[in-house]
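Sequential numbering of the sequence shown, starting at 0, is according to numbering that gives the first Met the number 0.
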Amino acid sequence: MRVAVYLAHPRPGSFNHAVFDAVVEELREGGAEVVVHDLYAEGFPALLSADETGTVESAGHSHDAQLALHRDELSTLDAMVFVHPNWWGMPPAVLTGWVQRVLAPGVAYKLETAEGEPAGLLKAGRALVLNTSDTPADREESEFGDPLQSVWAACVLPYVGVSDVRRVVFRTVTGSLPEERATWLADARAQAAALLRPA
Numbered sequence: 000m001r002v003a004v005y006l007a008h009p010r011p012g013s014f015n016h017a018v019f020d021a022v023v024e025e026l027r028e029g030g031a032e033v034v035v036h037d038l039y040a041e042g043f044p045a046l047l048s049a050d051e052t053g054t055v056e057s058a059g060h061s062h063d064a065q066l067a068l069h070r071d072e073l074s075t076l077d078a079m080v081f082v083h084p085n086w087w088g089m090p091p092a093v094l095t096g097w098v099q100r101v102l103a104p105g106v107a108y109k110l111e112t113a114e115g116e117p118a119g120l121l122k123a124g125r126a127l128v129l130n131t132s133d134t135p136a137d138r139e140e141s142e143f144g145d146p147l148q149s150v151w152a153a154c155v156l157p158y159v160g161v162s163d164v165r166r167v168v169f170r171t172v173t174g175s176l177p178e179e180r181a182t183w184l185a186d187a188r189a190q191a192a193a194l195l196r197p198a
């Protein structure tokens, strides 16, 4: 099984980095071939260019080697994992840019199908999203409606063909105790291990 793990957090030593490391280690121990991307550390070019907003043909092609690598990898994946904080109800800008530039028409989905609906092109049937948050769950739901759940499980991943979307939120991170973080890391490992099991 080939799994890509994407991290979107700018600060080395953050809890997001610890989650990322735990997941990558668990997947490798489980026998997966793991593709690893720390988007901030790599300096992923997140800004969508004017050319990429043109035709489907132009959106699917790029002269940027780093972007081309990410797009080429998509077709080889069986699953994806995204690790990022909840910032203003959104993923960090580098990951939002990754979605807009990498999950491009002609690469991750196609338009103008016979049914009139977009069709996902990815063979990766599963995705795991691991978020950190400083908002308590009841307030998140009552005041904001958990926007990240909508982003990943409704707007992005099903659109490109991922039917099994799993998401776990670790909260509240600021002020959390070492024992709590250890429990969250164990949960992250368990979620990663479950990703490798047959449906």
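Note that the Cβ used here is the ideal one computed from N, Cα and C, for glycine as well.
DSSP bridge partner residues for Glu32 (one or two, in chain order)
Looking at the DSSP output, Glu32 sits in a beta bridge with Arg1.
Proximity below 8 Å, CB of Leu129 to CB of Val167
In contact: Leu129 and Val167 (Cβ atoms closer than 8 Å).
Can you give me the Cβ contacts of Pro9 inside the same chain, cut-off strictly under 6 Å, excluding the 5 residues immediately before and after it?
Tyr39
As a quick exercise: from Asp71, Ala191, Ala7, Arg188, pick the residue whose alpha carbon is nearest that of Gly96.
When C-alpha distances from Gly96 are compared across Asp71, Ala191, Ala7, Arg188, the shortest belongs to Ala7.
Inter-stretch contact (C-beta, 8 Å, three-pair minimum) for the region 134-145 and the region 90-106
no
Residue burial classification, Ala185 (beta-carbon count within 10 angstroms, cutoff 16)
exposed
Pairwise C-alpha distance: Tyr5 and Phe19
8 Å
Straight-line Cα distance separating Gln190 from Tyr108:
Approximately 27 Å, taken between the alpha carbons.
Got a sec, what are the start and stop residues for the alpha helix (DSSP H) His69 sits in?
From DSSP, the alpha helix (DSSP H) with His69 extends over 64-73.
Please list, in chain order, all residues of the same chain as Gly88 whose beta carbon is under 7 Å from its beta carbon, the five residues on each side excluded.
Phe143, Pro146, Leu147
Can Glu25 and Ala153 be called in contact, C-beta distance under 8 Å?
No, these two residues do not count as a Cβ contact at 8 Å.
In whole angstroms, what is the alpha-carbon distance linking Ala118 and Ser162?
A straight-line Cα-Cα distance of about 12 Å links Ala118 and Ser162.
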